[in-house]
Amino acid sequence: MSDSPQRPLWHGRTLALLGILLVAANLRTAVAALSPIFAQIRVDFALTSIGVGVLGMLPPVCFAVFGILAPAFTRRASLETVMVFSLVAILLGDLVRALSGSFVVLAVGSAIAFAGMGVGNVLLPPLVKRYFPDRIGLVTSLYATVMSVSTLLPPLIAVPVADSLGWRTSVGMWGALSLLAVLPWLRILVSHRPAHPDHDVEVEEPEPRLFGRVWHTAIGWSLMIIFAVSAVNAYAMFAWLPEILHDTAGSDPVEAGALLSLYAAMGIPSSLLVPLLAARLKNVALLVYAAVACFVVGYLGLILAPSTATWVWVVFAGLGPLLFPLSLVLINVRTRTHEGAVALSGFVQGVGYTLGALGPLVVGVLHQVTGQWTLALVVLLATAAAAAVAGSVVARPHQLEDSFRLR
281 MSDSPQRPLW
291 HGRTLALLGI
301 LLVAANLRTA
311 VAALSPIFAQ
321 IRVDFALTSI
331 GVGVLGMLPP
341 VCFAVFGILA
351 PAFTRRASLE
361 TVMVFSLVAI
371 LLGDLVRALS
381 GSFVVLAVGS
391 AIAFAGMGVG
401 NVLLPPLVKR
411 YFPDRIGLVT
421 SLYATVMSVS
431 TLLPPLIAVP
441 VADSLGWRTS
451 VGMWGALSLL
461 AVLPWLRILV
471 SHRPAHPDHD
481 VEVEEPEPRL
491 FGRVWHTAIG
501 WSLMIIFAVS
511 AVNAYAMFAW
521 LPEILHDTAG
531 SDPVEAGALL
541 SLYAAMGIPS
551 SLLVPLLAAR
561 LKNVALLVYA
571 AVACFVVGYL
581 GLILAPSTAT
591 WVWVVFAGLG
601 PLLFPLSLVL
611 INVRTRTHEG
621 AVALSGFVQG
631 VGYTLGALGP
641 LVVGVLHQVT
651 GQWTLALVVL
661 LATAAAAAVA
671 GSVVARPHQL
681 EDSFRLR
């Protein structure tokens, strides 16, 4: 979908690619590394169920708030400078958590780290557009896959490290990864590279006054809905899937945990393939419809035959959030400039994560009221219908900046 002439991926852009992948590796670790070691943390200080709930709500809330603020930050400094500060925030948050002696300090450190991650979430797509306008699908696929792996890896090693070296080391060691990610961006800043490093690509500059108006565009709202559907379903499943499987399929804790890992693992093939397909397909609505079909099969299976081939329903439900990597690549495909990508990314992810934070709460309330999971799963299934409608809009071949000019 890009008209930009292609050149070798590494040609003159090695540091940028390395920096993008290292940033992606940092955008989920602070979240994924914490919950597995709550038992060890409780040995040092009180951590109530309410406290755990607060820590669970912090990521989407911080992603939403700082996702909305990120475009404002980039109007005061370059993308690279803001990214450096976001990585420093993640590093600082990890260190504060490692040194915390109370729940309040642990929560503050977590909020600092999640704030940096929220800004990084928004800045990655425009950085891809700035440095790799000819390789949007490939680079998005690479960094989305790194994000998926960085979600799976911390829970696997957090407990062994905490048992051997203590929970403070387990949460603090990820700061080294943040420090490593800062280095290529500092080198790029020191080298004083031009704002548009790809001289072979003709770049159309936007009018700055237009970038407060994304919420008035069909492309902005349709892409936000697609992203929000992915966030709502993913957060709800990560919070409740083990309990759903226990109550409906009779899964024991070990089996339910394994099935949750299977659900999460579906993000890897989605991240690898979807951005590449989205950058080449003329009708990206087909990918949205495929995601909707996966949601339908997965949720209907859990409703109608939860104890029969349970893993099949989990696989399909886990493929539904392929809407997440699809949204990331469409942020770039549906904008002409990296400034436009910043504005669209901030709106889509800021509002999308806000709605995503409601997913676990709504599912929990519906279960509490009805005493079963059927209505909650039906509501999640209904969100997929919204994605299908939005997909027909986002498939139209138009750019965000064109929508501005029509107003």
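Number 441 in this note's numbering belongs to position 161 of the sequence shown; there are no gaps in the numbering.
Here a beta-carbon is modelled for each residue, glycine too, at the ideal position from N, C-alpha and C.
- Alpha carbon to alpha carbon, what distance is there between residue 575 and residue 665? Within the sequence shown, the letter at position 385 stands for residue 665. Within the sequence shown, the letter at position 295 stands for residue 575. Using only the alpha carbons, I get a separation of about 10 Å.
- Query: Among residues of its own chain, excluding the 5 on either side of residue 522, which ones have a beta-carbon nearer than 8 Å to its beta-carbon?
  - Reply: Mapped onto the sequence shown, residue 522 falls at position 242. So the qualifying residues of the chain are 531, 533, 536, 537, 539, 540.
- Item | alpha helix (DSSP H) runs wholly inside the segment 376 to 441, at least 4 long, in chain order | 383 to 411
- Skipping 5 residues on each side, what residues in its chain have a beta carbon closer than 8 Å to that of residue 614? Here residue 614 corresponds to residue number 334 of the sequence shown, with the count starting at 1. Closer than 8 Å at Cβ, skipping near neighbours: 499, 503, 624, 674, 678, 679, 680.
- Item | Spatial distance of residue 436 from residue 621 (CA atoms) | As a first step, residue 436 must be located in the sequence shown, where it is residue number 156. As a first step, residue 621 must be located in the sequence shown, where it is residue number 341. Those two C-alpha atoms are separated by around 34 Å.
- For residue 632, which residues from the same chain have a beta carbon less than 6 Å from its beta carbon, with the 5 sequence-adjacent residues on both sides left out? What you label residue 632 is simply residue 352 of the sequence shown in a count that begins at 1. Contacts found: 504, 507, 508, 511.
- Query: Can you round the beta-carbon distance between residue 389 and residue 380 to whole angstroms, since I take them to be within the 8 Å contact cut?
  - Reply: Taking the first residue of the sequence shown as 1, we reach residue 389 at position 109. Taking the first residue of the sequence shown as 1, we reach residue 380 at position 100. Yes, they are in contact, since the Cβ atoms of residue 389 and residue 380 sit about 6 Å apart, within 8 Å.
- Query: Does the beta-carbon of residue 300 have 16 or more other beta-carbons within 10 angstroms, so that it is buried, or is it exposed?
  - Reply: The residue labelled residue 300 in the question sits at position 20 within the sequence shown. The residue is buried, with at least 16 neighbouring Cβ atoms inside 10 Å.
- Query: Considering only the beta carbon of each residue, do residue 451 and residue 374 sit closer than 8 Å?
  - Reply: Stepping through the sequence shown from its first residue, residue 451 is reached at position 171. Stepping through the sequence shown from its first residue, residue 374 is reached at position 94. Yes, they are a contact pair.
- Message: Between which residues of its own chain and residue 432 is the CB-CB distance below 7 Å, once the five residues before and five after are set aside?
- Response: In the sequence shown, residue 432 corresponds to position 152, counting from 1. Contacts found: 544, 545.
- Query: Rounded to a whole number of angstroms, what is the C-alpha to C-alpha distance between residue 302 and residue 428?
  - Reply: Walking along the sequence shown from the start, residue 302 turns up at place 22. Walking along the sequence shown from the start, residue 428 turns up at place 148. Cα-Cα distance, rounded: 13 Å.
- Message: My assumption, with CB atoms under 8 Å, is that residue 636 sits in contact with residue 515. Please give the rounded CB distance.
- Response: Your numbering for residue 636 matches position 356 in the sequence shown. Your numbering for residue 515 matches position 235 in the sequence shown. The Cβ separation is near 5 Å, so the contact holds.
- Chain-order list of residues whose beta-carbon lies under 8 Å from that of residue 307 (same chain, five-residue window excluded): For this step, residue 307 is matched to residue 27 along the sequence shown. Hits under 8 Å: 397, 400, 401, 404, 427, 430.
- Query: In chain order, which continuous runs of the beta strand (DSSP E) of length 3 or greater are located wholly inside the segment 527 to 559?
  - Reply: none
- Message: Need the endpoints of the alpha helix (DSSP H) that residue 647 sits in, please.
- Response: The residue labelled residue 647 in the question sits at position 367 within the sequence shown. Where residue 647 is concerned, the enclosing alpha helix (DSSP H) stretches over 618 to 650.
- Can you give me the Cβ contacts of residue 385 inside the same chain, cut-off strictly under 7 Å, excluding the 5 residues immediately before and after it? The residue given as residue 385 occupies position 105 in the sequence shown. Excluding positions up to five away in sequence, the list reads 376.
- Task: Using only alpha-carbon positions, find the residue among 580, 553, 577, 443 that is nearest to residue 275.
- Result: As shown, the chain starts at 281 and ends at 687. That puts residue 275 outside it, with no answer to give.
- Query: Do you know whose CA, among 520, 468, 572, 524, lies nearest residue 411's CA?
  - Reply: Residue 411 sits at position 131 when you count from the first residue of the sequence shown. Per the Cα distances, 468.
- Query: At a cut of 8 Å, does the segment 355 to 363 reach the segment 309 to 329 through at least three beta carbon pairs?
  - Reply: no
- Query: So is residue 588 buried or exposed if we call it buried at 16+ other beta carbons inside 10 Å?
  - Reply: Along the sequence shown, read from residue 1 onward, the residue named residue 588 stands at position 308. Classification of residue 588: exposed, given that the 10 Å Cβ count is below 16.
- Task: Please state if the CB of residue 667 and the CB of residue 519 are separated by a distance shorter than 8 Å.
- Result: As a working note, residue 519 is residue 239 in the sequence shown. As a working note, residue 667 is residue 387 in the sequence shown. No, the pair does not count as a contact, with Cβ atoms beyond the cut-off.
- What whole-angstrom Cβ distance do residue 317 and residue 447 have, given they're in contact under 8 Å? Indexing the sequence shown from 1 puts residue 317 at position 37. Indexing the sequence shown from 1 puts residue 447 at position 167. About 5 Å; that satisfies the 8 Å criterion.
- Query: Roughly how many whole angstroms lie between the Cα atoms of residue 414 and residue 653?
  - Reply: If you number the sequence shown from 1, residue 414 lands on position 134. If you number the sequence shown from 1, residue 653 lands on position 373. Residue 414 and residue 653: Cα-Cα distance of roughly 46 Å.
- Item | Per-residue burial, residue 445 [other beta carbons within 10 Å of its own, 16 or more giving buried] | For this step, residue 445 is matched to residue 165 along the sequence shown. So residue 445 counts as exposed.
- Report the option in 609, 627, 581 whose CA atom is closest to the CA atom of residue 657. Taking the sequence shown and counting its residues from 1, the one referred to as residue 657 is at position 377. Residue 657 has its Cα closest to that of 581, out of 609, 627, 581.
- Message: For residue 634 and residue 462, I'd like the C-alpha separation in whole angstroms.
- Response: The residue given as residue 634 occupies position 354 in the sequence shown. The residue given as residue 462 occupies position 182 in the sequence shown. Spanning the two alpha carbons is a distance of roughly 28 Å.
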